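Using the UniProt record's numbering, you'd call the opening residue of the sequence shown number 1 and step up by one each time.
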Amino acid sequence: MFGLAIDFTQRTDGTPATKEAIDTLMGFGADATRDDYIDALLGACAVDVWETLPTPPFYSIPAATPEDERTERLSILTQFFLANLNVYCKARGISTQNFGAILDASPDLSNSLVSLVSTALTNGEDVERAICNFCNVNSDAFHLLRAINADDLTAIRQTFERTYRTVTATAENPHMDDFMILDHGATGGTAKFVTHQGSICVNFAEIIDPVAASSNPDYFASIRTDFAAHPTEIPHRNESVLGGDVEVGVETLLARINEKQFERLPTAAKEACLAHPSFEARHFLQDVAKGRQEEAEGLLVATPANTQTLLRTPGVFTDYSGRTFNCTAYEYAYWAKDTHMCRMLERHMDEETKADMLARIDSNDAAGLIYQQNGEEHRRAHFDFKPLKEAYQRYLDGYDAWYAAQNWAALDAAWWDVGKAQRDVPAHVAQEYCRPDRSFEPRPEFNEATLPRVLTFYNWTTGQDDSWFRLVAPNSGLGFDFALVRGCERAAWPRAGGRRATAWAAADLAAITCLDEVRTNELTQSRELLNPPAMSQGMSI
Numbered sequence: 001m002f003g004l005a006i007d008f009t010q011r012t013d014g015t016p017a018t019k020e021a022i023d024t025l026m027g028f029g030a031d032a033t034r035d036d037y038i039d040a041l042l043g044a045c046a047v048d049v050w051e052t053l054p055t056p057p058f059y060s061i062p063a064a065t066p067e068d069e070r071t072e073r074l075s076i077l078t079q080f081f082l083a084n085l086n087v088y089c090k091a092r093g094i095s096t097q098n099f100g101a102i103l104d105a106s107p108d109l110s111n112s113l114v115s116l117v118s119t120a121l122t123n124g125e126d127v128e129r130a131i132c133n134f135c136n137v138n139s140d141a142f143h144l145l146r147a148i149n150a151d152d153l154t155a156i157r158q159t160f161e162r163t164y165r166t167v168t169a170t171a172e173n174p175h176m177d178d179f180m181i182l183d184h185g186a187t188g189g190t191a192k193f194v195t196h197q198g199s200i201c202v203n204f205a206e207i208i209d210p211v212a213a214s215s216n217p218d219y220f221a222s223i224r225t226d227f228a229a230h231p232t233e234i235p236h237r238n239e240s241v242l243g244g245d246v247e248v249g250v251e252t253l254l255a256r257i258n259e260k261q262f263e264r265l266p267t268a269a270k271e272a273c274l275a276h277p278s279f280e281a282r283h284f285l286q287d288v289a290k291g292r293q294e295e296a297e298g299l300l301v302a303t304p305a306n307t308q309t310l311l312r313t314p315g316v317f318t319d320y321s322g323r324t325f326n327c328t329a330y331e332y333a334y335w336a337k338d339t340h341m342c343r344m345l346e347r348h349m350d351e352e353t354k355a356d357m358l359a360r361i362d363s364n365d366a367a368g369l370i371y372q373q374n375g376e377e378h379r380r381a382h383f384d385f386k387p388l389k390e391a392y393q394r395y396l397d398g399y400d401a402w403y404a405a406q407n408w409a410a411l412d413a414a415w416w417d418v419g420k421a422q423r424d425v426p427a428h429v430a431q432e433y434c435r436p437d438r439s440f441e442p443r444p445e446f447n448e449a450t451l452p453r454v455l456t457f458y459n460w461t462t463g464q465d466d467s468w469f470r471l472v473a474p475n476s477g478l479g480f481d482f483a484l485v486r487g488c489e490r491a492a493w494p495r496a497g498g499r500r501a502t503a504w505a506a507a508d509l510a511a512i513t514c515l516d517e518v519r520t521n522e523l524t525q526s527r528e529l530l531n532p533p534a535m536s537q538g539m540s541i
């Protein structure tokens, strides 16, 4: 009754609800009517039925609700019912149109619907039926291929009430804007979504940007074909991948994972990687890319028989700024203009390795070294200091006008652009900012024999040392909340805004410009060191 399961064979106290028991309980005689027995049975077997009977959603708003809140809730209910109606119609081929877009584009149609809902509520009518009839009357506007019938209404109403009660079960979503509706009855080309552990999922190949997919359209087309027929729910246990362990070679595994992923490997897998010869090569490449010069040299001298192999072996690795390379350690150091690292590596090369490295950098100077960053492929002969220098210059050029106009937003934005460019520098550039033994003013010559490999600065906000490359988020921290300055200070430090940072910025720009020139010139020395010694032209008689 009323969609509720009520047992009319026994009373709420467990005793039988026979006619004799009801007659005795109520004192009924021969003149008792059918309605008397109905009321008595409800009172004896379902005393709380009127409290537990579900109220239709459109009539569930308390009468004491303020008018503006009542209007908003009715608007949400109407939109929610239309969403269920629209999904149902599209899943069953009744209409392919977006009903919300149709109503938004037609004020007259939208106002007519509002008036209809208001009238139905005033008259105590079935609002859901009235909305479906409204769509039938305006079938041309909604592009209905057939009328919405009584069976459709029943199915839509049930889904609407069930999903509405689910979405409003907690007070966390008062505006009902954080949910999706999945119609399990959809078939064929409209059934693109599935459920998995309570989440609604879609095949990525269906929604990928066509431009992004253009590099390999056949691959994504084949994925869409494979997914054309699928169940409405993906099981939690996918038997296709539970038939046994997946065999992956250590060398292949190390080439595909980064340092964070390595730390999450099971103990047995991690131990197998540590024992494999290629792990040392991976570790060596990471040390060079992250400016860990002492650690890299320690690996080179640990096993002399393996030194040249480490120097000559290319591999996949990622630097602090998210650039992923597949090259040798020396190629990266040469690309990054880290000549301190280059000199260390050169000291450990034999003539054959020097010849190999010279051939590699000749090729890279001509065609550029390939790397990936932020999902895009780049090809450059060397790291380019230009974005950092230009960011400093834009800040300095615009400072006076912005300051005079009190345009603090423009000042801060220009200053944070400096920080964004600082996020992208190789480790050795950041280490020049952070080195503890000299500042950027007076401008250094950058001709020191060694480079302290320090990447920390004092963060005044947190009151503790912080790391330059603690880039934990792509849109906060360095470049979004502050940029780093050195100038004449004893250490690098973060400055949040662009007001009154010109003195430091000018000194830092001069220092970085000089650093770029010095390191570029030193690359010429690297080429000379890699060239084989000249053969003697003399002869004796």
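Think of the CB as a built atom: it goes at the ideal place given N, C-alpha and C, for glycine as much as any other residue.
Since we're looking at a predicted model, the values are computed, not measured.
query, result
"For residue 493, the residue or residues it bridges with in DSSP", "485"
"Rounded Cβ spacing between residue 408 and residue 395 (contact assumed at less than 8 Å)", "Contact doesn't hold; Cβ gap of about 13 Å is too wide."
"Sheet register partners of residue 327 (DSSP bridge)", "315"
"Contact between the stretch 499-508 and the stretch 304-315 (3+ Cβ pairs under 8 Å)", "no"
"Exposure label - residue 89; buried when at least 16 CB within 10 Å", "buried"
"C-alpha distance - residue 232 paired with residue 156, whole-angstrom precision", "19 Å"
"Residue nearest to residue 418 in terms of C-alpha spacing, selected from 230, 289, 469, 478", "478"
"Touch test, the stretch 485-495 against the stretch 432-448, Cβ-Cβ under 8 Å, three pairs minimum", "yes"
"Residue of 280, 338, 511 minimising C-alpha distance to residue 307", "280"
"With 16 other Cβ atoms within 10 Å as the buried cut-off, status of residue 241", "Because residue 241 carries a pLDDT of 49, less than 50, the predicted location of this residue cannot be relied on, and the following value inherits that uncertainty. Residue 241 should be labelled exposed."
"Span separating the alpha-carbon of residue 537 from that of residue 293", "Residue placement at residue 537 is poorly supported in this model, since its pLDDT is 49, which falls under 50; the coordinates are not used for a value here."
"C-beta atoms of residue 100 and residue 113 nearer than 8 Å", "no"
"Cβ-Cβ separation, residue 345 to residue 388 (assumed contact under 8 Å), whole Å", "Not really, about 25 Å apart at Cβ, beyond 8 Å."
"Continuous alpha helix (DSSP H) stretch holding residue 365: start and end", "351-367"
"Cα-Cα separation between residue 93 and residue 377, rounded to whole angstroms", "43 Å"
"Three-state secondary structure (DSSP) of residue 126", "coil"
"Cα-Cα separation, residue 15 to residue 43", "14 Å"
"The stretch 443-453 contacting the stretch 510-518, beta-carbon criterion three pairs below 8 Å", "yes"
"Buried/exposed call for residue 196, threshold 16 Cβ in 10 Å", "exposed"
"Cβ pair count under 8 Å reaching 3, the stretch 356-370 against the stretch 333-341", "yes"
"Which of helix, strand or coil DSSP assigns to residue 118", "helix"
"Residue 399 - containing beta strand (DSSP E), residue span", "Note, residue 399: premise wrong, no beta strand (DSSP E); alpha helix (DSSP H) at 386-404."
"Proximity winner among 381, 390, 401, relative to residue 520 (alpha-carbon distances)", "381"
"Minimum length 3: unbroken beta strand (DSSP E) runs contained in the stretch 54-115", "none"
"Contact belief for residue 9 with residue 17 at Cβ below 8 Å, rounded distance in angstroms", "6 Å"
"Span separating the alpha-carbon of residue 152 from that of residue 79", "18 Å"
"Reduced DSSP secondary structure (H/G/I, E/B, other) of residue 157", "helix"
"Alpha-carbon spacing of residue 375 relative to residue 434, whole angstroms", "30 Å"
"For residue 198 and residue 451, the rounded distance between their alpha carbons", "54 Å"
"Identity of the residues DSSP links to residue 195 by a beta bridge", "200, 233"
"Terminal residues of the beta strand (DSSP E) in which residue 343 lies", "First-last for residue 343: 339-347, but that is the alpha helix (DSSP H), not the beta strand (DSSP E)."
"Buried versus exposed call for residue 524 [16 or more other C-beta atoms within 10 Å across all chains shown]", "exposed"
"Assigned exposure category for residue 285 - 16 Cβ within 10 Å defines buried", "buried"
"Buried or exposed (CB count within 10 angstroms, at least 16 for buried), residue 75", "exposed"
"8 Å contact criterion, which residue 357 and residue 428 should meet: CB distance rounded", "Their Cβ separation, rounded to whole angstroms, is 18 Å, which puts residue 357 and residue 428 out of contact at 8 Å."
"Residue 348 versus 298, 483, 257, residue with shortest Cα-Cα distance", "298"
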